[in-house]
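Chemist:
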Amino acid sequence: MNIDQYMQTLGERARSASRAMSSASTGDKNAALLAIARHLEASRSALIEANATDLAAAQANGLEAALLDRLELTDARIDAMLEGLEQVAALADPIGGLTDMCSRPSGIQVGKMRVPLGVIGIIYESRPNVTVEAASLCLKSGNAVILRGGSEAIQSNQAISACIQAGLAEVGLPQTAVQVVET
Numbered sequence: 000m001n002i003d004q005y006m007q008t009l010g011e012r013a014r015s016a017s018r019a020m021s022s023a024s025t026g027d028k029n030a031a032l033l034a035i036a037r038h039l040e041a042s043r044s045a046l047i048e049a050n051a052t053d054l055a056a057a058q059a060n061g062l063e064a065a066l067l068d069r070l071e072l073t074d075a076r077i078d079a080m081l082e083g084l085e086q087v088a089a090l091a092d093p094i095g096g097l098t099d100m101c102s103r104p105s106g107i108q109v110g111k112m113r114v115p116l117g118v119i120g121i122i123y124e125s126r127p128n129v130t131v132e133a134a135s136l137c138l139k140s141g142n143a144v145i146l147r148g149g150s151e152a153i154q155s156n157q158a159i160s161a162c163i164q165a166g167l168a169e170v171g172l173p174q175t176a177v178q179v180v181e182t
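So for the sequence shown, numbering that gives the first Met the number 0 puts the first residue at 0; every next one is plus one.
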């Protein structure tokens, strides 16, 4: 499969998942976020091991110290990812809220309703914790997301993605709601 076909497939899967995510209940979205946190915690050593592989490759390729620091997953950074998931789960659901309501002379009420966008694409560099942050915000807002982290963090992002997929599957939400580009 070439890159065009690969991206087309990711997009089609995300589009299908976005339909399910747009109607997911607040409870299901929150349960998924908390399940992802549990899977990340249970996989902490695997995450650090995958990250060590990325760090070794990045050092061998001469990545500068500042980028190496951003790339590193420490216990403290994993704890921050877990806390972030819990905080996002505790937020009010942004979907369905009405704002700027007004009555027209005809009696019709007009306002703005918050709805999911559908599929979001996010490209970022060597910070694997962004994978969790971006996924959590997209899930909470009822969107599917395609994530493209820096190639220097590919092993870390794949390990994190596996935890996200497991958390989504655990609560019955589509695993393709969060996809990481693996090339």
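For each residue, glycine too, the CB sits at the ideal point set by N, CA and C. Small disclaimer: the values here were computed from a predicted structure and weren't measured.
Return the chain-ordered list of same chain residues with a C-beta closer than 6 Å to the C-beta of Gly-166, the five sequence neighbours on each side being excluded.
Modeler: Ala-31, Ala-34, Ile-35 and His-38
Chemist: Rounded to whole angstroms, what's the CA-CA distance from Asp-78 to Leu-90? Just pull it up for me.
Modeler: 19 Å
Chemist: DSSP beta-bridge partners for Thr-98?
Modeler: Lys-111
Chemist: Within this structure, are the beta carbons of Ala-143 and Gly-117 separated by less than 9 Å?
Modeler: yes
Chemist: Rounded to whole angstroms, what is the Cα-Cα separation between Thr-175 and Ile-107?
Modeler: Rounded to whole angstroms, the separation of the alpha carbons of Ile-107 and Thr-175 is 39 Å.
Chemist: Kindly identify the DSSP beta-bridge partner or partners of Gln-178.
Modeler: Ile-145
Chemist: Looking at the unbroken beta strand (DSSP E) that takes in Gly-120, where does it start and where does it end?
Modeler: 118-122
Chemist: Nearest-angstrom Cα distance between Met-0 and Leu-84?
Modeler: 34 Å
Chemist: Between Gly-141, Ile-119 and Ser-17, which lies nearest to Gly-95 when the distance is taken from Cα to Cα?
Modeler: Gly-141
Chemist: Does the contact criterion of 3 or more C-beta pairs under 8 Å hold for the segment 147-161 versus the segment 56-67?
Modeler: yes
Chemist: In angstroms with no decimal places, state the Cα-to-Cα distance between Ser-155 and Ala-56.
Modeler: 12 Å
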